[in-house]
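Quick note on numbering: full-length UniProt numbering labels position 83 of the sequence shown as 83, and the sequence is numbered without any gaps.
Structure, as structure tokens:
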Amino acid sequence: MTENPFGEDATTSAPEKRRYLVLLSASKDSLSMTQTIVENIRKEVDSRSNPLWIDSKGIGILVESDLVAAAIWSRAIGGLDHDRSEAVRDMLILEIGQDWMARKDAPATHWLATHVGSPRLVPRDQIRRR
């Protein structure tokens, strides 16, 4: 094995951060549970995470972490009692890939451009002719 000239072992490099969108259903009945999950994500997964949007049906949170989706899930529901953790039915954690599209003035646009990069350009053969 060749020695790393920078003095660090190549196998001990920092884990790669992945980007996720956490979608969480919310209602009046589940408000305290939803707040607990959002706080857990901020404390246990990504301190810089904030809800991207909140409406009458749910919350969308952008998260950056080296954890896999299943680990994010378990940390998000950590601290909930058994009955409340079993009541979490409508939470979805999706990894964000390299391609995306949003309106230029959408709240997510700046975050995605900063953390993921520019969206891919439409190839000529996929452009609709008018």
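Note that CB positions come from ideal geometry on N, CA and C, so glycine has one too.
Query	Result
Lys25 versus Trp100 - alpha carbon distance	Position check: residue 25 holds Ser in this sequence, whereas Lys was assumed. Computed Cα separation, rounded: 23 Å.
Counted within 10 angstroms of its Cβ, other Cβ atoms place Arg19 as buried (16 or more) or exposed	buried
Residue environment, Leu94, which counts as buried when at least 16 other CB atoms sit within 10 Å	exposed
Check whether Leu92 and Met33 have beta carbons under 8 Å apart	no
Every unbroken alpha helix (DSSP H) inside the region 25-60 [4 residues or more]	31-40
According to DSSP, residues forming a beta bridge with Met91	Leu24
Burial state of Ile127 (16 or more Cβ within 10 Å)	exposed
Sheet register partners of Val63 (DSSP bridge)	Tyr20
Cα-Cα separation, Ala113 to Val45	21 Å
Run of the alpha helix (DSSP H) containing Ile127, from where it starts to where it stops	Segment: none, Ile127 is in no alpha helix (DSSP H) and carries neither H nor E.
Pro15 versus Leu21 - alpha carbon distance	19 Å
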